[in-house]
RNA sequence: GGUCCGUUCGUCUAGGGGUUAGGACGUAUCCCUUUCACGGAUAAAACACGGGUUCGAUUCCCGUACGGACUACCA
């Protein structure tokens, strides 16, 4: 009873790992760490037709980016490897044969056409569930209907075959799901699933049971889409005689599209206006590109925190959790049952929170890097000033550079609405005088407070209320009616640039009634 | 269609037989402020519906509706 907790994340490398898979990985990681156990990554690549180059590395890199790398994986093998099912290929057949021997599986020789014909026949006969099951198998070509000799002959001649599970006709399968409680399914609604495919590879159903058993998996934490096949898996454990060591199941609620219409899928890509993948991904076959959370500017801590709360909560009102705090607080019984709609606004809020609490130095690095990428060398002191100017208004790291463009580029156009309302004679008079003062004496120290003092003095001398013309001043210098602290902007720009911009505005903007 | 799973503010959710049904995001208003943002305050906003059980049900049970997953030699 004191065995070590071992959980696995078992994606198939068929493309970019999507965000739902990432959450599954996270919950597995959190549970493993919370229980002092191990988190394994197993690559489920039994469908060779769907293999996508680069997908494995993508999965590895995604987990590493979030800081939830597995304890055992293809790249960090433990004692129960290999961790790629294609490399365990040889190990599955004996288990399938064992099942045949025990009378829980059988050979089937039906062609795709014959299967199709069977389904059509059943559909035409208004059978509610046209499937290969305990009834229909008696009319198909398999080792249950064929003579022993004929089966041997077909096998010996190399005829393609699959091995199917032989499900009992009338039996209730029940198991306790850690999230949903007792789940009960009657075998009459289940079909004889293929266990070994004709290409010699196992299907997911066989492979995951054999591997979980061999790898000492204690808890299977996976998406709700697996719930319908869980009874089959339970049956398989029973057939193998492994029931007493069967892992516990926890089926996670699905991640839904924001409109609640179906589960969030890979195909949603960027259509919804936000990433559904952790990292950028280019499909090697179609060349189609999808954006990732990382490249969009989400910080790993923010995505982690956001993901953790999609279906789980700590039971109190705390919301900000570091990875280690999540580990500490995590428990499966606080995972909800209902599907969760994906709300990107909340993700942004988490990102803002984590981004804004970074040190100024750290934030300045973002600005410096982007500036450099744009071919601009920013002086450190100036960069620091920019960061102070913008750090309460950014959502993504790239916003430091993006939102500071008003500093590097003088406006060539002016917001018409603001101009229409605020560009008047009083404003022009103040600006005229202020620019002249700046041009006359550039020896004065020009920081935010002195720039402001001078502006206030200018307005006062003209007997004009500063508040009335402030918007126009901002408009003249930045082109817009809204933005970061204007006097700080002035300080960064310097008196000459401010004067120059004012002159341009004065010459460009016509007076309106 | 069948099987299974689900349903508390727009969203993520807390709660649980008797509560002013709590928080967060988002939205709105106000304050701060030269603007916007930040921050602060306030507000609007939910127990899907119908039956039971009960003194009492949003909470327990059963139906209905709605939503979702699955229904491949894919995972």
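Numbering (the numbering used here), first residue to last: 600 to 1112.
Note that beta-carbon positions come from the ideal geometry of N, C-alpha and C, so glycine has one too.
Beta-carbon gap between residue i and residue j smaller than 8 Å
| i | j | result |
| --- | --- | --- |
| residue 705 | residue 765 | yes |
| residue 896 | residue 980 | no |
| residue 1100 | residue 1018 | no |
| residue 954 | residue 985 | no |
| residue 625 | residue 928 | no |
| residue 920 | residue 945 | no |
| residue 855 | residue 939 | yes |
| residue 1098 | residue 1047 | no |
| residue 862 | residue 853 | yes |
| residue 934 | residue 778 | yes |
| residue 1078 | residue 1014 | yes |
| residue 782 | residue 771 | no |
| residue 926 | residue 629 | yes |
| residue 1074 | residue 1027 | no |
| residue 805 | residue 831 | no |
| residue 1056 | residue 1029 | no |
Residue range of the unbroken beta strand (DSSP E) whose run includes residue i
| i | result |
| --- | --- |
| residue 825 | Note, residue 825: premise wrong, no beta strand (DSSP E); not H, not E. |
| residue 776 | 771-776 |
| residue 1103 | Taken as a continuous stretch (DSSP letters only), residue 1103 belongs to no beta strand (DSSP E), being part of the alpha helix (DSSP H) at 1094-1107. |
| residue 605 | 605-608 |
| residue 766 | Run containing residue 766: none; DSSP gives neither H nor E here. |
| residue 1113 | Residue 1113 is absent from the model: the chain starts at 600 and stops at 1112. |
| residue 794 | 793-795 |
Limits of the unbroken alpha helix (DSSP H) element including residue i
| i | result |
| --- | --- |
| residue 952 | 943-955 |
| residue 987 | 979-989 |
| residue 969 | 959-972 |
| residue 780 | Looking at the DSSP string, residue 780 is not in any alpha helix (DSSP H); the run it does join, the beta strand (DSSP E), is 780-785. |
| residue 658 | 654-665 |
| residue 622 | 618-633 |
| residue 637 | Careful: residue 637 lies outside any alpha helix (DSSP H), inside the beta strand (DSSP E) at 637-640. |
| residue 1069 | 1065-1077 |
| residue 1054 | 1047-1060 |
| residue 809 | 803-813 |
| residue 750 | 747-755 |
Nearest neighbour of residue i, chosen from the options [CA to CA]
| i | options | result |
| --- | --- | --- |
| residue 558 | 634, 1064, 614, 658 | One cannot answer for residue 558 here, as it falls past the ends of the chain, which runs 600 to 1112. |
| residue 893 | 1049, 880, 886, 913 | 880 |
| residue 798 | 1022, 645, 602, 957 | 645 |
| residue 802 | 971, 967, 970, 691 | 691 |
| residue 932 | 947, 911, 950, 926 | 911 |
| residue 1051 | 851, 1070, 767, 1085 | 1085 |
| residue 604 | 860, 842, 959, 636 | 636 |
| residue 1087 | 710, 678, 1003, 796 | 1003 |
| residue 922 | 631, 660, 666 | 666 |
| residue 833 | 767, 621, 915 | 767 |
| residue 737 | 751, 717, 748 | 717 |
| residue 1090 | 1103, 1080, 1037, 1102 | 1037 |
| residue 1080 | 977, 829, 1012, 732 | 1012 |
| residue 631 | 621, 615, 608, 754 | 608 |
Sequence-distant residues of the same chain with beta carbon closer than 7 Å to residue i, five excluded per side
| i | result |
| --- | --- |
| residue 873 | 943 |
| residue 974 | none |
| residue 686 | none |
| residue 1025 | 1063, 1067, 1068 |
| residue 1112 | For residue 1112, the predicted model reports a pLDDT of 46, less than 50, meaning its position is unreliable; a value from the coordinates is still stated below. Once the five neighbours on either side are set aside, residue 1112 has no close Cβ partner at all. |
| residue 787 | 768, 769 |
| residue 722 | 729 |
| residue 758 | 708 |
| residue 660 | 878 |
| residue 696 | none |
Sequence-distant residues of its chain with Cβ nearer than 8 Å to residue i (five each side left out)
| i | result |
| --- | --- |
| residue 682 | 639, 640, 641, 642, 671, 672, 673, 676 |
| residue 613 | 646, 649, 650, 651, 654 |
| residue 617 | 863, 864, 865, 875, 876 |
| residue 600 | Because the pLDDT at residue 600 is just 49, under 50, the model does not fix this residue reliably, and the value given afterwards should be weighed accordingly. No residues qualify anywhere along the chain. |
| residue 699 | 705, 706, 742, 762 |
| residue 915 | none |
Residue i: CB within 7 Å of a non-hydrogen atom of the ligand COA
| i | result |
| --- | --- |
| residue 1000 | This structure simply doesn't include the ligand COA, nor any ligand for that matter. |
Sequence-distant residues of its chain with Cβ nearer than 6 Å to residue i (five each side left out)
| i | result |
| --- | --- |
| residue 707 | 741, 761, 763 |
| residue 819 | 846, 848 |
| residue 947 | 994 |
| residue 668 | 662 |
| residue 902 | 892 |
### Task
Could you tell me which uninterrupted alpha helix (DSSP H) segments, each at least 4 residues in length, are contained entirely in the region 689-738, listed from first to last along the chain?
711-723
### Message
As an exercise, report each continuous alpha helix (DSSP H) stretch of at least 4 residues that is fully enclosed by the region 848-913, in chain order.
### Response
892-895, 899-907
### Query
What are the uninterrupted segments assigned as alpha helix (DSSP H) that are 4 or more residues long and contained completely in the region 987-1028, given in chain order?
998-1001, 1004-1007, 1015-1021
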